[in-house]
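Asks:
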Amino acid sequence: MRVFIAGVDGYLGFPLAQHLTARGHAVAGADMLLRRQWVDEVGGQSAIPVYAIEERLEAFRERNTANLTFRKGDFLDYPFILGFLNDFQPDAIVHLGEMPSAPYSMIDQAHAVFTQKNNVLGNLNILWAMREVCPNAHLVKLGTMGEYGTPNVDIPEGFFEIEYRGRKDTLPFPRQAGSFYHWSKVHDSGNTMFACRIWGLRSTDIMQGVVFGTQIDAMGDDPRLRSRLDFDQCFGTAINRFCCQAVIGHPLTLYGLGGQTRGFLPLRDSIQCLTIAVENPPTAGEYRVFNQFEECYTVEELAYKVQRAAADLGLSVTIHHYDNPRKEQERHYMNPDRNHLIDLGYKPTHDVHAELKIMLKDLMPHRERIEQKRDVLVPDIRWDGTRRRSEIIDEQLSAVK
Ligand code: USQ
50 MRVFIAGVDG YLGFPLAQHL TARGHAVAGA DMLLRRQWVD EVGGQSAIPV
100 YAIEERLEAF RERNTANLTF RKGDFLDYPF ILGFLNDFQP DAIVHLGEMP
150 SAPYSMIDQA HAVFTQKNNV LGNLNILWAM REVCPNAHLV KLGTMGEYGT
200 PNVDIPEGFF EIEYRGRKDT LPFPRQAGSF YHWSKVHDSG NTMFACRIWG
250 LRSTDIMQGV VFGTQIDAMG DDPRLRSRLD FDQCFGTAIN RFCCQAVIGH
300 PLTLYGLGGQ TRGFLPLRDS IQCLTIAVEN PPTAGEYRVF NQFEECYTVE
350 ELAYKVQRAA ADLGLSVTIH HYDNPRKEQE RHYMNPDRNH LIDLGYKPTH
400 DVHAELKIML KDLMPHRERI EQKRDVLVPD IRWDGTRRRS EIIDEQLSAV
450 K
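The opening position of the sequence shown corresponds to residue 50 in the working numbering, with each subsequent residue numbered one higher.
1) Using C-beta distances below 8 Å, list every residue in its chain close to residue 303, excluding the 5 sequence neighbours before and after it, in chain order.
2) Quick check on residue 243: buried or exposed, where buried means 16 or more other Cβ atoms within 10 Å of its Cβ?
3) Within 7 Å: the Cβ of residue 149 and any heavy atom of the ligand USQ?
4) Decide if the segment 262-277 is in contact with the segment 202-218; the criterion is three or more beta carbon pairs, one per stretch, under 8 Å apart.
5) Counting only runs of 3+ residues fully inside the segment 355-433, write out the beta strand (DSSP E) ranges in chain order.
6) Please report the straight-line C-alpha distance between residue 311 and residue 377, rounded to a whole angstrom.
7) Determine the contact status of residue 274 and residue 366, defining contact as a CB-CB distance below 8 Å.
8) Any heavy atom of the ligand USQ inside 7 Å of the beta-carbon of residue 337?
9) With distance defined between alpha-carbon atoms, name the residue in 184, 285, 261, 222 nearest to residue 247.
10) So the alpha helix (DSSP H) residue 156 belongs to, where does it begin and stop?
11) Rounded to the nearest angstrom, what separates residue 144 and residue 197 at their Cα positions?
12) Could you check if residue 258 is buried or exposed, using at least 16 other CB atoms within 10 Å of its CB as the buried criterion?
13) Does the Cβ of residue 193 have 16 or more other Cβ atoms within 10 Å, making it buried, or fewer, making it exposed?
14) Quick check on residue 438: does DSSP put it in helix, strand or coil?
15) Helix, strand or coil for residue 294? Go by DSSP, reduced to three states.
16) Using a Cβ-Cβ cut-off of 6 Å (strictly less than) and excluding sequence neighbours within five positions of residue 129, which residues of its own chain qualify?
17) Tell me, please, which residues DSSP counts as bridged to residue 145.
18) Hey, residue 256 and residue 141 are a contact pair by Cβ (cut 8 Å); roughly how many whole angstroms apart?
19) Rounded to whole angstroms, what's the CA-CA distance from residue 379 to residue 139? Just pull it up for me.
20) Quick check: is any heavy atom of the ligand USQ less than 7 Å from the C-beta of residue 346?
21) Residues in its own chain within less than 6 Å of residue 335 by CB, not counting five upstream and five downstream?
22) Output the boundary residues of the alpha helix (DSSP H) element that contains residue 181.
23) So, with DSSP's three-state summary, where would you put residue 340?
24) Just to confirm the assignment, what range does the beta strand (DSSP E) spanning residue 55 have?
25) Just to confirm, does residue 231 get its C-beta within under 7 Å of one of the non-hydrogen atoms of the ligand USQ?
26) Just the Cα atoms here: how many angstroms apart are residue 74 and residue 292?
27) Specify the secondary structure class of residue 236 as computed by DSSP and reduced to three states.
28) Report yes or no: do the segment 144-158 and the segment 223-236 share at least 3 C-beta pairs separated by less than 8 Å?
29) What I want to know is whether the C-beta of residue 384 ends up closer than 7 Å to one or more non-hydrogen atoms of the ligand USQ.
30) Pick helix, strand or coil for residue 68, following the three-state DSSP scheme.
31) Under 7 Å: does the beta carbon of residue 257 sit that close to some heavy atom of the ligand USQ?
32) For the ligand USQ, is there a heavy atom less than 7 Å away from the beta-carbon of residue 375?
33) Once the 5 residues before and after residue 390 are set aside, which same chain residues still bring their CB inside 7 Å of it?
34) If the criterion is Cβ atoms closer than 8 Å, does the pair residue 61 and residue 260 meet it?
35) Can you tell me whether residue 438 is buried or exposed? The criterion is at least 16 other CB atoms within 10 Å of its CB, across all chains shown.
36) At the level of alpha carbons, what is the spacing between residue 54 and residue 77?
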């Protein structure tokens, strides 16, 4: 198949390109390299060194028989995305090219607006470009389990049957996102579902849980082919942060009670699931939703899992409860379905302990890089918007004077 990856330079995009190429697919990708800038902006750096895009592409060429066709560009630039899709004529488009951080979207007004503009309008441009130049392609759109929030009932895959005042229908399950970032994904879902209905496009909307890990099978040893691994408060996800904290002896930063329950999955499972979606397209006009995670855990359980894996490697790790900077439920019910991917052949990794040990071993040689940015481990971006309020308001007031 011909697969186009929007956001090919990212944590998921670069390993996915390697995996799909190894399976014989022709892959093209676009990226504006913004993730590198955002991590820099919040004072972080990837624990695993990330090479320049030219070096990544060179390593790709040396390892894989096929090239990765790459163009640098922004999904807000409609002629760019229209032209690239027209030239490449993909069978599938995997859209990973969005700003992925909840805390980044909650920094202040400017970051909230940037997040929704970048994500919602970028996705809308891709939908319009598909309609114009590749209406038979399949859009695999990365959404998030966080679209559903934490309702006190089971979570189906996108839709549920409901009886209300004596009438029945199958409707989208309510979305109750917990950050402006997560809401951007809800808005994307609405636009994507609508485009399938009116134009006959086909799409799989992936409600993905929190990804962790450093490895996939197709990656090999070349350091230029490694994926990034962020640990700052914005772009580091919980387990990735915990593992980085463990290797430098920083207490694990558990927010609040630690009973927040999420679906988690290793990087290798995420790549496996995205591949399954690509290789099993829906019919024309179909909009389907896959919940994508390996298992649900509380963040506290995960902190203990990291502590145990670290102990096996001789690292002594403490866990500290920090004042929760977010507004979220800290103990709640969480029971989502994930049958669609299993039915299509997804085999969950299950051995989280082994995966954590692989990660910790991968991270230990990079202790110094984590130490250098120790300051970004403790969060100060608060959901009540107080972090930079005075600074921003002062700036804006002086601008209008
Ligand atoms: N948490 C801690 N300590 C930390 C970091 C996080 O206790 O040091 C807690 C948070 O309060 C939250 C949970 O862990 O309750 C998950 O936080 P996270 O930062 O790992 O994940 P989240 O902000 O939800 O976002 C991440 C990705 C996002 C993706 C989402 C999937 O950044 O792109 O959409 O996971 S999900 O969480 O299922 O919505």
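All residues carry an ideal CB built from backbone N, CA and C; glycine is no exception. Here the structure is a predicted model, which means the values were calculated and not measured.
Replies: On the basis of the data shown:
1) The residue given as residue 303 occupies position 254 in the sequence shown. 348, 349, 352, 368, 369, 370, 371, listed in sequence order.
2) Translated into positions along the sequence shown, residue 243 becomes position 194. It counts as exposed.
3) Taking the first residue of the sequence shown as position 1, residue 149 is located at position 100. Correct: residue 149 has its Cβ closer than 7 Å to the ligand USQ.
4) no
5) 368-371
6) Looking up residue 311 in the sequence shown gives position 262. Looking up residue 377 in the sequence shown gives position 328. Taking the straight line from one Cα to the other gives about 12 Å.
7) To locate residue 274, count along the sequence shown from 1; it is residue 225. To locate residue 366, count along the sequence shown from 1; it is residue 317. Cβ distance not < 8 Å, so residue 274 and residue 366 don't count as in contact.
8) Translated into the one-based positions of the sequence shown, residue 337 becomes position 288. Checking the Cβ of residue 337 against the ligand USQ gives no.
9) Counted from its first residue, the sequence shown places residue 247 at position 198. Answer by Cα proximity: 184.
10) Residue numbering aside, residue 156 sits at position 107 when the sequence shown is read from its first letter. Taken as a continuous stretch (DSSP letters only), residue 156 belongs to no alpha helix (DSSP H), as it is neither H nor E.
11) In the sequence shown, residue 144 corresponds to position 95, counting from 1. In the sequence shown, residue 197 corresponds to position 148, counting from 1. Spanning the two alpha carbons is a distance of roughly 20 Å.
12) As a first step, residue 258 must be located in the sequence shown, where it is residue number 209. So residue 258 ends up on the buried side.
13) For the purposes of this step, residue 193 is taken as the residue at position 144 of the sequence shown. Buried, because 16 or more other Cβ atoms sit within 10 Å of the Cβ of residue 193.
14) In the sequence shown, the residue the question calls residue 438 occupies position 389. Since pLDDT at residue 438 reaches only 46, below the 50 mark, its modelled position is unreliable, and the value read off the structure follows with that caveat. Three-state DSSP puts residue 438 in a helix.
15) In the sequence shown, residue 294 corresponds to position 245, counting from 1. Residue 294: helix per DSSP, three-state reduction.
16) Locating residue 129 in the sequence shown gives position 80, where the first residue counts as 1. Cβ neighbours of residue 129 beyond the five flanking positions: 122.
17) Counting from one through the sequence shown, the residue named residue 145 turns up at place 96. Per DSSP, none; premise fails for residue 145.
18) Position 207 of the sequence shown holds residue 256. Position 92 of the sequence shown holds residue 141. Going by Cβ atoms, the distance from residue 256 to residue 141 rounds to 18 Å, so no, they are not a contact pair.
19) Numbered from its first residue, the sequence shown carries residue 379 at position 330. Numbered from its first residue, the sequence shown carries residue 139 at position 90. Those two C-alpha atoms are separated by around 43 Å.
20) The residue labelled residue 346 in the question sits at position 297 within the sequence shown. Result no, Cβ not under 7 Å from the ligand USQ.
21) Walking along the sequence shown from the start, residue 335 turns up at place 286. Counting only Cβ-Cβ distances below 6 Å, and skipping sequence neighbours, we find 251.
22) On the sequence shown, residue 181 is found 132 positions in, with the first residue counted as 1. Note, residue 181: alpha helix (DSSP H), 171-182.
23) One-based indexing of the sequence shown puts residue 340 at position 291. Reduced to three states, the DSSP call for residue 340 is strand.
24) As a first step, residue 55 must be located in the sequence shown, where it is residue number 6. Taken as a continuous stretch (DSSP letters only), the beta strand (DSSP E) holding residue 55 covers 51-55.
25) The sequence position of residue 231 within the sequence shown is 182, counting from 1. The answer is yes for residue 231.
26) One-based indexing of the sequence shown puts residue 74 at position 25. One-based indexing of the sequence shown puts residue 292 at position 243. Rounded to the nearest angstrom, the two C-alpha atoms are 33 Å apart.
27) Position 187 of the sequence shown holds residue 236. Helix, per DSSP.
28) yes
29) Walking along the sequence shown from the start, residue 384 turns up at place 335. Incorrect: residue 384 has no Cβ contact closer than 7 Å to the ligand USQ.
30) Position 19 of the sequence shown holds residue 68. Correct three-state label for residue 68: helix.
31) Counting from one through the sequence shown, the residue named residue 257 turns up at place 208. Residue 257 Cβ: within cutoff of the ligand USQ.
32) Within the sequence shown, numbered from 1, the residue matching residue 375 stands at position 326. Because some heavy atom of the ligand USQ lies under 7 Å away, the Cβ of residue 375 counts as near it: yes.
33) Working through the sequence shown from its first residue, we reach residue 390 at position 341. So the list reads 322, 325, 339, 341, once near-sequence residues are dropped.
34) Taking the sequence shown and counting its residues from 1, one reaches residue 61 at position 12. Taking the sequence shown and counting its residues from 1, one reaches residue 260 at position 211. Result yes, Cβ atoms of residue 61 and residue 260 sit closer than 8 Å.
35) Numbered from 1 along the sequence shown, position 389 holds the residue referred to as residue 438. For residue 438, the predicted model reports a pLDDT of 46, less than 50, meaning its position is unreliable; a value from the coordinates is still stated below. Its Cβ having fewer than 16 others within 10 Å, residue 438 is exposed.
36) On the sequence shown, position 5 is the one that residue 54 refers to. On the sequence shown, position 28 is the one that residue 77 refers to. Approximately 6 Å, taken between the alpha carbons.
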